[in-house]
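Protein chains: 2
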Amino acid sequence: MSRLLIGNRPSDDLVGTWGKAAMGWWAQRLFWFVRDGDVLVLPEAPDEAFLSYVTELTGTDRTSLTVVVRPSGNRPGDWLLDPELAHRTQQALTGRAVEEVFALCPNESVVELARALGAESAVPGHLFLDQGGALIADSKAVFRTLAAGSDLPLPEGGVCANQESAYRVITRLLRTDRPVILKKEFLAAGNGNEVLTLTEDIKVNGAGRAVLLSDDPQSVRIYLNERWDWLTEGRRHRVVIEEYHPGSRGVFAEFWIGDEEIALGGQGEMVAEPVADHSYLPAPDLTHDQESALMTGGRKLCEVLQAMGYRGVLSADAIVPANGDEANHSVLFTEYNGLVTGSTHVYHLGKRLAGADYAHDRLLAEYVAWPVASFAEARKHLENEGIAYDPAKRTGVVLLNSWRDSPGVVPYCLIAEDVEAAERLKERLK
Amino acid sequence: MSRLLIGNRPSDDLVGTWGKAAMGWWAQRLFWFVRDGDVLVLPEAPDEAFLSYVTELTGTDRTSLTVVVRPSGNRPGDWLLDPELAHRTQQALTGRAVEEVFALCPNESVVELARALGAESAVPGHLFLDQGGALIADSKAVFRTLAAGSDLPLPEGGVCANQESAYRVITRLLRTDRPVILKKEFLAAGNGNEVLTLTEDIKVNGAGRAVLLSDDPQSVRIYLNERWDWLTEGRRHRVVIEEYHPGSRGVFAEFWIGDEEIALGGQGEMVAEPVADHSYLPAPDLTHDQESALMTGGRKLCEVLQAMGYRGVLSADAIVPANGDEANHSVLFTEYNGLVTGSTHVYHLGKRLAGADYAHDRLLAEYVAWPVASFAEARKHLENEGIAYDPAKRTGVVLLNSWRDSPGVVPYCLIAEDVEAAERLKERLK
């Protein structure tokens, strides 16, 4: 028996070409899930220095792993569906049955590859995924429908399939002291979000840009005419429009939905400046009410998705409004993600390195970018400074991925006692 | 307290302008739901002859009803959102609170009108509907995802968001002895369906047309290039592609999903020639296994939609394949409809006229078109022939709507002991 780990990105149906150029690098977060004997399917050859680094840290036998890489050449079509890839994967399995398929982005292509290997039923939720499930489990529009249907607290807003609907929702919400956020249905990490505001006096995070409108409602019309195609990916998708809460904290609770059980994976805070910059797991200093509301709502969403046939990771995202008396809701839910998120590998490695109960006495502080000359340089610096992760102390710096040439950075995770200790570690990265 | 009945059609987001020209006529099926004291909101002035006919038959006091019609003139925008309509409806309510909103097509416009009347919470499932729920509860694509997610029996097939996906599904399924059906995500009564076939030797029902392809897979490419915009309404929607089962029977079970209970409304058979032509309620001669599979699957879908927050009518459609040994499935589910269907008013009037248990000893045979010169002419003919519905005998002909000028027909329902008795009644319509 063998596990099959698939390093795929969201399909073009969801996000177009967004992130496609860097998908080989991006997919390497998959390594943090690796166990002895796994077969890995990757869009590009792995950075061996990074793969060795991960297997050393996690005590995995590198030689027990088999890596399958898609055929070279700029071939048209979804690389997961290339018959040559299925052939190579079949060979890599050397007759072993597939007991589990774990994909970064579970969708119908993953099911189709698994089917070619006779392992369709090893994909969690394969029946749901094979019939367009990823278009539901990743959609910010469907999220809003389901969250509202369960009466979870949400920012005021709507799901818009046409410009008139968008115009009505925007003009109903937008005030000088109340900006509005528009979200593409499927994009991630704030990159598909824009904030509309009537004043420059506003700090925006969680969105790629802010657009300053005049009082004249015509400026909303002009904005929509200008941006509708962008917002909808050429009218393919819907747009979520919500009241924007400046200064709110972004938090999440991530679960694994199985056939019977729903298990908490981890919870944390995402800090966007203005788009995803760093995160803390667990979220520091949540009040009991905030954490309880996040968990209760997150579990409720999982129960609904479970009833619908989805299996796998589900992250429920919410904001803690700066003005806490927001209709007495301590959190407002903002989206879900039915895929391996930018936090899944972080709490997985946290558990592997610092123990399943790391959250009791450790904080994971994940940063997307350490500007450094190379991966080797990064490792050397950690050694020289004596701040590489130390299993005995259960503190130190972990490099989360290989060096990314543009813009020349390595993402990393600080494992420390608390935010202050993490800050001190971070300063030693120079 | 008062009930508000809304005679709206599916929104342009779902079906474009399909059926828009006839929406005033179409909306009059709403009359079969009327009770004393109701306020009706209609896109056009009702045909008083038909409204009186319905109130007489159902024992409703016509003078207790208030009819609100949208302002005249070809105004742009969704007529339900016209502030003048809300104003007129408010006046019609004369201070009475709205205890229930019943709309033919529950969606966010219905919620928005109700909100303007302070009656948002009187719309069943208003939280779900207000956030784009109609785009989920009416979608053939989402249906397939959810039905598969519950492991219901389905025709082989897939949900396609792009041409490559469609090409793969079609070529996987299409054989000389196995045609394929493509379905628009939101259209109704078979009008958004096309069958692809490799042979002319096939009888098609349930689809607007059949397309004869050659053996060369290029013909699938050409077909998709030609029809993709039509199939997707300009790339806005997904396409469902399934194995087509010639000669199968189309059946349905329709439920009401409440907060707690799920209640059967009625079940029946739809006969398409080639698109919706007539229906029988209940479906004649279903085997115990067929009926049981239809009910079990239909209830399962209702449970999922209930968990998602939907409330209201849900019709589960299925086929009984001509070749019953189809992987031992007695029925295969083909779509759902979360709105008042073309059958809802039929079993409602059946219950009102022939009793809640009509299905024990009566058959409702509904036909979409009786070619006749006028509504008055139709009534006169029924009287002259002595075949107008007779409450004492619990048999006879009921006219389902007013006369439709193009093509000059009245839809009707035969209430009889069985199919043979209904056929005899039908012959007397000349």
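Chains A and B are the protein sequences, given in the same order. Here UniProt numbering is used: position 208 in the first sequence is 208, and no number is missing along the way. Here UniProt numbering is used: position 110 in the second sequence is 110, and no number is missing along the way. Beta carbons: idealized from backbone N, C-alpha and C, even for Gly.
Residues of its chain near residue i, where Cβ-Cβ distance is below 7 Å and the 5 sequence neighbours each way are ignored
i	result
Ser64(A)	Asp36 and Gly37
Gly16(A)	Glu233
Arg428(B)	Glu385 and Ile387
Ala116(A)	Ala86
Glu243(A)	Pro155, Glu156, Gly157, Leu173, Arg178 and Val180
Val67(A)	Leu40, Leu42 and Pro46
Trp79(B)	Pro43, Arg70 and Leu85
Leu231(B)	Leu182, Lys184 and Val239
Whole-number beta carbon distance between residue j and residue i, since they are thought to touch under 8 Å
i	j	result
Leu332(B)	Leu40(B)	Contact flag wrong, Cβ pair sits at about 38 Å.
Leu196(B)	Thr176(B)	Not really, about 12 Å apart at Cβ, beyond 8 Å.
Glu194(B)	Gly208(B)	6 Å
residue 459(B)	His348(B)	Residue 459(B) cannot be examined here, being either before or after the span of chain B that is shown, 1 to 430.
Asp47(B)	Phe375(B)	7 Å
Glu200(B)	Leu212(B)	6 Å
Gly309(A)	Leu146(B)	7 Å
Leu42(A)	Val69(A)	5 Å
Val251(A)	Leu187(A)	Not quite, the Cβ-Cβ distance comes to about 20 Å (not below 8 Å), so this is no contact.
Leu353(B)	Leu51(B)	Incorrect: roughly 16 Å between the Cβ atoms, too far for contact.
Gly157(A)	Leu173(A)	7 Å
Gly338(B)	Gly312(B)	7 Å
Ala253(B)	Ala316(B)	5 Å
Ala322(A)	Pro217(A)	So it is not a contact: roughly 27 Å between Cβ atoms.
Glu108(B)	Ala134(B)	7 Å
The ligand SAH heavy atom lying under 7 Å from the CB of residue i
i	result
Asn225(B)	Only the bare structure without any ligand can be found here, which leaves the ligand SAH out of the picture.
6 Å Cβ shell around residue i - same chain, five flanking residues per side excluded
i	result
Ser72(B)	none
Ala97(A)	Met1
His61(B)	The question names His, yet the displayed sequence has Asp at residue 61(B). Answer for Asp61(B): Asp36, listed in chain order.
For residue i: DSSP bridge partner residues
i	result
Ser315(B)	Glu254(B) and Asn337(B)
Lys183(A)	Asn193(A) and Val240(A)
Thr390(A)	One detail in the question is off: residue 390(A) reads as Asp in this sequence, not Thr. BP columns for Asp390(A) point to Thr395(A).
His278(A)	Val271(A) and Tyr367(A)
Arg3(B)	Glu100(B)
Ile170(A)	Paired residues: none, contrary to the question.
Val410(B)	Trp370(B)
Arg178(B)	Arg175(B)
Cys160(A)	Val239(A)
Thr66(B)	Val39(B)
Ile415(A)	Leu364(A) and Gly396(A)
Ala21(B)	In DSSP, Ala21(B) forms no bridge with anything.
Gly266(B)	Glu254(B)
Arg249(A)	Val320(A)
Ala210(B)	Val195(B)
Leu332(A)	Ile319(A)
From the options, residue whose alpha carbon lies closest to that of residue i
i	options	result
Lys140(B)	Asn107(B), Val101(B) and Leu182(B)	Leu182(B)
His345(A)	Leu301(A), Glu108(A), Leu281(A) and Asp259(A)	Leu281(A)
Ile136(B)	Ser406(B), Leu305(B) and Tyr389(B)	Leu305(B)
Glu44(A)	Arg29(A), Val54(A) and Thr55(A)	Arg29(A)
Gly19(A)	Asn191(A), Gly133(A) and Asn74(A)	Asn191(A)
Ala49(A)	Ala422(A), Ala92(A) and Val410(A)	Val410(A)
Trp228(A)	Glu164(A), Asp277(A), Pro179(A) and Gln218(A)	Glu164(A)
Arg424(A)	Ser406(A), Thr395(A), Gly408(A) and Glu377(A)	Thr395(A)
Arg299(A)	Ala276(A), Asp216(A), Ile257(A) and Arg362(A)	Ile257(A)
Ala276(B)	Ala318(B), Ala283(B), Ser292(B) and Gly342(B)	Gly342(B)
Glu120(B)	Trp230(B), Leu4(B) and Glu273(B)	Leu4(B)
Glu260(B)	Pro76(B), Asp357(B), Tyr167(B) and Ala307(B)	Ala307(B)
Ser279(A)	Arg249(A), Tyr53(A), Ser406(A) and Thr171(A)	Arg249(A)
Asp215(B)	Val204(B), Trp230(B), Lys184(B) and Thr171(B)	Thr171(B)
Ala22(A)	Ala421(A), Asp405(A), Val54(A) and Asp138(A)	Asp405(A)
Nonlocal neighbours in the same chain, by C-beta distance under 8 Å from residue i, ignoring five residues either side
i	result
Val123(A)	Val101, Ala103, Pro106, Val110, Val111, Ala114 and Leu129
Pro391(A)	Leu353
His381(A)	Val372, Leu429 and Lys430
Gly408(B)	Pro371, Val372 and Ala373
### Message
Pairs of beta-carbons, one from the segment 363–379 of chain A and one from the segment 397–407 of chain A, closer than 8 Å: are there three or more?
### Response
Contact annotation: the segment 363–379 of chain A touches the segment 397–407 of chain A, with at least three C-beta pairs closer than 8 Å.
### Task
Mind the definition here: the segment 121–130 of chain B touches the segment 139–155 of chain A only if three or more C-beta pairs lie below 8 Å; say whether that holds.
Short answer: they touch.
### Query
Pairing CB atoms from the segment 275–292 of chain A with CB atoms from the segment 285–294 of chain B, are three or more of them under 8 Å?
No, the segment 275–292 of chain A does not touch the segment 285–294 of chain B.
### Query
Do three or more CB pairs link the segment 220–239 of chain A to the segment 257–271 of chain A at distances below 8 Å?
By the C-beta criterion, the segment 220–239 of chain A is judged not to be in contact with the segment 257–271 of chain A, since fewer than 3 inter-stretch pairs fall below 8 Å.
### Task
Mind the definition here: the segment 7–14 of chain B touches the segment 410–423 of chain A only if three or more C-beta pairs lie below 8 Å; say whether that holds.
No: the two stretches stay apart, fewer than three of their Cβ pairs being nearer than 8 Å.
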